[in-house]
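**Q** Those sequence lines, one after another, are chains H and E. Per this note's numbering, numbering through the first sequence is continuous, rising by one, with the last residue being 298. Per this note's numbering, numbering through the second sequence is continuous, rising by one, with the last residue being 276.
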Amino acid sequence: MITVENLTKRYGSTTAVQDVSFTVAPGSITGFLGPNGAGKSTTLRMLTGLTPPSSGTATITGKRYVELPNPGRVVGVMLDAAAQHAGRTGRETLALNASLLGVPKGRADEMLDAVGLAHAAKRRVGQYSLGMRQRLGIANALLGDPAVLILDEPANGMDPEGIRWMRGLLQDFASRGGTVILSSHLLGEVQATVDRLVVIGGGRIVADGSLDELLAGTGTLVRGLDPIGLNQALTAAGLHLEPMHDGALRVDATAEQVGRAAAAAGQVLLELRQSDGAGLEDLFFQLTATPAAA
Amino acid sequence: MTTLTEAAPVAPAKHKAQAGTALPPARGQAFLKLVAIELRKSVNTRSGRVLIGAILLIALAAMTWQITHLPEGTINVEAFLSAGSTGAMLILPVIGVMAMTSEWTQRTALTTFTLSPRRVRVQLAKFVSAVVLSAVVMTGVVILALGATALTGAITDHATSYAALGSQLTGAYLMMALNVVMGAAFGAVIAQTAVAILVFFIAPTAWSLAGPALFKDNANWLDVFSAFGRIAERNLNGMLPETLTAIGVWVVLPTIVGLWLSSRREVK
């Protein structure tokens, strides 16, 4: 359980994060989205005690991060996969932290195995690719068997196979009651992975809700045998619509409303479904464009 | 220090159950554990090992030169000890500086301080670890010096002596510890390895050169090298206030400022 309340960070006269509040419940994966410079990383750093907030609080399982006696046993953190010493081997990196966390030495090898790095255990991290460093970072985060995961751009630099692997790992973690918050710029990946979204723009939370809820507003996609006739029929029924470039119509209404309006006008439908696809991308720009410009 | 003990986090279910082994309950991080971790960090990278190897190699080279250029008469172990420790005294403070700076330049501070958020404890552990490591390296130099003295006795006509060895060793270890703590303090204030090393070597030397010219005898108050020398010889020559002031300004003050700064510094 992560609780963020009225978190604010000011640097001189600029406010990087303003009055940010949200919660992440156990058993769910929350995507934390926002353009560069919107305050994502600053928020995650305040959450993990790396940056002191100007005001507000952030707690994990009810405690401020710095009050956790051995944080790695409660919360797994990966904020930057590149922040590992290039001169240590993968195994040594994990063994060092295993010792600090008070978990058995064998746990380092177990985790290397779990993230598919067993073959590279004895290689120095400097020789790892970015995707391998991400895997090592994930292994590090999981080392203490935490209940909470905080990951900044975990899919960055991973190949499609790695991204799919990580999606499975996170969904498995959440299904066991774990709490996950992750930030990402890969919107398609976010849409496929998360249950909830928190969107930040210009330092403020601009959206917070379940993925379904937030994407629901994007309406229904309908395609008819006679696009012009269908357009007139739906408009006459008082529905707001927007023609797509391929002749389909995106309607701000449910599939049932569209179907009934079309049937009443005798229009033949070829396709009728929930509008999706670029939904999250559209939502993202719609939500973050205004505050960023202000 | 308070070492809190807390039960494993209460979660409805645990991840990675397939790993099989149940982990021991979570405990706080004892200070000695932090010291042990810092020690391990300073020797488990190539650069750390190269630095230590270089100190020992330089000591060995100096002693080899010494053994082939022996003066007349009885050879005291001090000849080898001072030959070997000159280089060590120069490089060991770098171990102190790097103990504090490398986390920031390598960006591992991010991981270190997320796993141990009480930074002042971590930083203090780094001070202790740097002193312990330097003492171990110094001991290596001492063993080389003893070996060189024994070798001289065995293969040359010179008589050898170990007179006053105890007092020489006390002086050498004290000098080493003071230098390393001062290096670490500079590293804590200036989190850039190169800049911190530069300032560490230049600032006190510049003072010891410029100070007397500008302030005459009053410069003694801030001459840290003379203060170190007096402490190492365990003879303050009635200059206790000067010694304490110099140590206070060059060692204690940067230590406190460094600890304060690194506890507030933003980790990026």
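Ideal Cβ placement from N, Cα and C applies to all residues, glycine included. All values derive from a computational prediction rather than experimental measurement.
Are the C-beta atoms of Pro125 of chain E and some chain H residue less than 8 Å apart?
**A** Interface with chain H (8 Å Cβ-Cβ cutoff): Pro125 of chain E is included.
**Q** Does the separation of the CB atoms of Arg129 of chain E and Leu42 of chain E fall below 8 Å?
**A** yes
**Q** Using CA coordinates, which residue listed in H:Ala293, H:Ser133, H:Ala145 is at the minimum distance from Met82 of chain H?
**A** H:Ala145
**Q** Start and end of the alpha helix (DSSP H) containing Val272 of chain H?
**A** Unbroken run through Val272 of chain H: none, as it is neither H nor E.
**Q** Between H:Ala266, H:Gln195, H:Thr61, H:Gly223, which has its C-alpha nearest Leu229 of chain H's C-alpha?
**A** H:Ala266
**Q** What whole-angstrom Cβ distance do Ser187 of chain H and Asp156 of chain H have, given they're in contact under 8 Å?
**A** 5 Å
**Q** Can you grab the Cα-Cα spacing for the pair Trp258 of chain E / Pro249 of chain E, in whole Å?
**A** 14 Å
**Q** With a cut-off of 8 Å, does the C-beta of Thr122 of chain E fall near any C-beta of chain H?
**A** yes
**Q** Anyone know if the C-beta pair for Leu140 of chain H and Gly94 of chain H falls short of 8 Å?
**A** yes
**Q** I'd like to confirm the pairing. Which residues does DSSP put opposite Val24 of chain H in its beta bridges?
**A** H:Leu11
**Q** Which residue wins for smallest C-alpha separation from Asn187 of chain E, given the options E:Gly237, E:Gln200, E:Val149, E:Gly174?
**A** E:Gly237
**Q** I want to see whether chain E comes within less than 8 Å of Asp199 of chain H, judged by CB atoms only; does it?
**A** At a cut-off of 8 Å between C-beta atoms, Asp199 of chain H does not count as an interface residue with respect to chain E.
**Q** Counting only the same chain and skipping the five closest in sequence on each side, list residues whose C-beta sits under 7 Å from that of Leu182 of chain E.
**A** Ile239, Ala240
**Q** Looking at the C-beta of Pro73 of chain H, does it have a partner C-beta in chain E at a distance below 8 Å?
**A** It does; some Cβ of chain E falls within 8 Å.
**Q** Using the beta-carbon count (16 or more within 10 Å), is Arg126 of chain E buried or exposed?
**A** buried
**Q** From the beta carbon of Gly36 of chain E, is the nearest beta carbon of chain H less than 8 Å away?
**A** yes
**Q** Helix, strand or coil: how does DSSP classify Thr168 of chain E here?
**A** DSSP places Thr168 of chain E within a strand segment (E or B) once states are collapsed to three.
**Q** Quick check on DSSP: helix, strand or coil for Arg139 of chain H?
**A** helix
**Q** So for Gln74 of chain E, helix, strand or coil by DSSP?
**A** helix
**Q** Is it buried or exposed, Gly283 of chain H, if we count other Cβ atoms within 10 angstroms and call 16 or more buried?
**A** Classification of Gly283 of chain H: buried, given that the 10 Å Cβ count is 16 or more.
**Q** Are there 16 or more other CB atoms within 10 angstroms of the CB of Gly106 of chain H, so buried, or fewer, so exposed?
**A** Per the 10 Å Cβ criterion, buried.
**Q** Compute the minimum distance between the beta carbon of Leu118 of chain E and the heavy atoms of the ligand NAP, and state whether it is under 7 Å.
**A** With respect to the ligand NAP, the structure shown offers nothing to examine, as it has no ligands at all.
**Q** Apart from the five residues just before and just after Leu147 of chain H, which ones in its own chain have a Cβ nearer than 8 Å to its Cβ?
**A** Gly76, Gly80, Leu98, Asn101, Ala102, Leu105, Val107, Arg111, Ala112, Met115
**Q** Which residue or residues does DSSP assign as beta-bridge partners of Phe36 of chain H?
**A** H:Ser187, H:Val202
**Q** To which residues of the same chain is Val78 of chain H closer than 7 Å at the C-beta, ignoring the five residues directly before and after it?
**A** Ile64, Thr65, Leu72, Pro150, Ala151, Val152
**Q** Any beta carbon from chain H within less than 8 Å of Glu14 of chain E's own beta carbon?
**A** Note on Glu14 of chain E: pLDDT 43, under 50, position unreliable in the model; the coordinate value appears next. Chain H, which has a Cβ nearer than 8 Å to the Cβ of Glu14 of chain E, makes this yes.
**Q** Just confirm the distance between the C-beta atoms of Val198 of chain H and Asp212 of chain H, as a whole number of angstroms; I'd bet it's less than 8 Å.
**A** Contact flag wrong, Cβ pair sits at about 12 Å.
**Q** Name the chain E residues that come within less than 7 Å of Gly106 of chain H, Cβ to Cβ?
**A** Pro32, Ala34, Arg35
**Q** So, does the CB of Thr101 of chain H fall closer than 8 Å to a CB anywhere in chain E?
**A** One detail in the question is off: residue 101 of chain H reads as Asn in this sequence, not Thr. Cβ-Cβ to chain E under 8 Å: yes for Asn101 of chain H.
**Q** In chain E, what lies closer than 7 Å to Glu96 of chain H by C-beta?
**A** Asn52
**Q** For Gly166 of chain H, which option in H:Ser179, H:Gly263, H:Gly135 has the closest C-alpha, if you only look at C-alpha atoms?
**A** Of the listed residues, the one whose Cα sits closest to Gly166 of chain H is H:Gly135.
**Q** Report yes or no: is there a C-beta of chain E within less than 8 Å of the C-beta of Tyr132 of chain H?
**A** no
**Q** Find the residues of chain H that neighbour Ser142 of chain E, judging by a C-beta separation of less than 8 Å, and give them in chain order.
**A** Within 8 Å Cβ-Cβ: nothing; Ser142 of chain E doesn't reach chain H, min ~20 Å.
**Q** Might you give, ordered along the chain, the residues of its own chain that have their beta carbon closer than 8 Å to the beta carbon of Thr12 of chain H, omitting 5 neighbours on each side?
**A** Thr19, Val21, Gln22, Asp23, Val24, Pro57, Ser58, Ser59, Gly60
**Q** Taking Cβ to Cβ, would you say Val197 of chain E is nearer than 8 Å to Leu269 of chain E?
**A** yes
**Q** Using a Cβ-Cβ distance cut-off of 8 Å, determine whether Gly43 of chain H contacts chain C.
**A** Absent from the structure: chain C. Protein chains present are H and E.
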